[in-house]
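Here the numbering used here runs 1 ahead of the position in the sequence shown, where the first position is 1. Here is the structure we will look at.
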Amino acid sequence: MKPASINCAGPFQPSQIICLEHQNSYLYAEVIDIIEVRQMCWGRPIMLAVWLAGADRPSEGLFEQLPELYDLRDGADILLPVSLFRPALDTELIPLLPQLETTAENKPVDAPKIAHRQLREFIHQIWQAYPTAFQA
Numbered sequence: 002m003k004p005a006s007i008n009c010a011g012p013f014q015p016s017q018i019i020c021l022e023h024q025n026s027y028l029y030a031e032v033i034d035i036i037e038v039r040q041m042c043w044g045r046p047i048m049l050a051v052w053l054a055g056a057d058r059p060s061e062g063l064f065e066q067l068p069e070l071y072d073l074r075d076g077a078d079i080l081l082p083v084s085l086f087r088p089a090l091d092t093e094l095i096p097l098l099p100q101l102e103t104t105a106e107n108k109p110v111d112a113p114k115i116a117h118r119q120l121r122e123f124i125h126q127i128w129q130a131y132p133t134a135f136q137a
């Protein structure tokens, strides 16, 4: 994935759902605010969706196999370069929301810890893949 162009993505609005994708993982977050001076996005993570290699992806429309979902709604906010995000499409997000609720009902006790570990690893991968996006 190439980082989205700021001009291509357009200015994000508070409460808009955005996506940061890398390889087979998609981080969905709600925009809290855009820090225009630094071109950073303050976001509230919703979920991290991880697809198996070769599986249908959200950008390809309808998908037969649903991803592994990590519920991040109770976690900390993130602050990342706005250029890494794109608007999330309804067609990719809506099929995942019921699965997120089902996952939340049946989750093990340590599910939040596992989810936040996955988020840390994902952010680390993004940082390594796009170091220039993080330079001031």
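Think of the CB as a built atom: it goes at the ideal place given N, C-alpha and C, for glycine as much as any other residue. Bear in mind the structure is a predicted one, so any value in this text is a computation, not a measurement.
Since I believe residue j is in contact with residue i (beta carbons under 8 angstroms), could you give me their beta-carbon distance rounded to a whole number of angstroms?
| i | j | result |
| --- | --- | --- |
| L81 | C42 | 6 angstroms |
| A30 | D72 | Not quite, the Cβ-Cβ distance comes to about 13 angstroms (not below 8 angstroms), so this is no contact. |
| L28 | P46 | 6 angstroms |
| I18 | L94 | 6 angstroms |
Run through the DSSP bridge pairs and tell me what residue i is partnered with.
| i | result |
| --- | --- |
| G44 | V32 and I79 |
| E22 | Y27 |
| L49 | L28 and Y71 |
I'd like the span of the beta strand (DSSP E) that includes residue i, first residue to last.
| i | result |
| --- | --- |
| L90 | That residue, L90, is in no beta strand (DSSP E); it is neither H nor E in DSSP. |
| L73 | Per DSSP, L73 belongs to no beta strand (DSSP E) and is neither H nor E. |
How about residue i and residue j: are their beta carbons less than 8 angstroms apart?
| i | j | result |
| --- | --- | --- |
| D75 | I33 | no |
| V83 | F135 | no |
| L144 | Q100 | Residue 144 lies beyond the range of the chain shown here (2 to 137); nothing can be said about it. |
| M48 | L97 | yes |
Considering just the uninterrupted stretch of the alpha helix (DSSP H) at residue i, what are its terminal residues?
| i | result |
| --- | --- |
| K114 | A112 to A130 |
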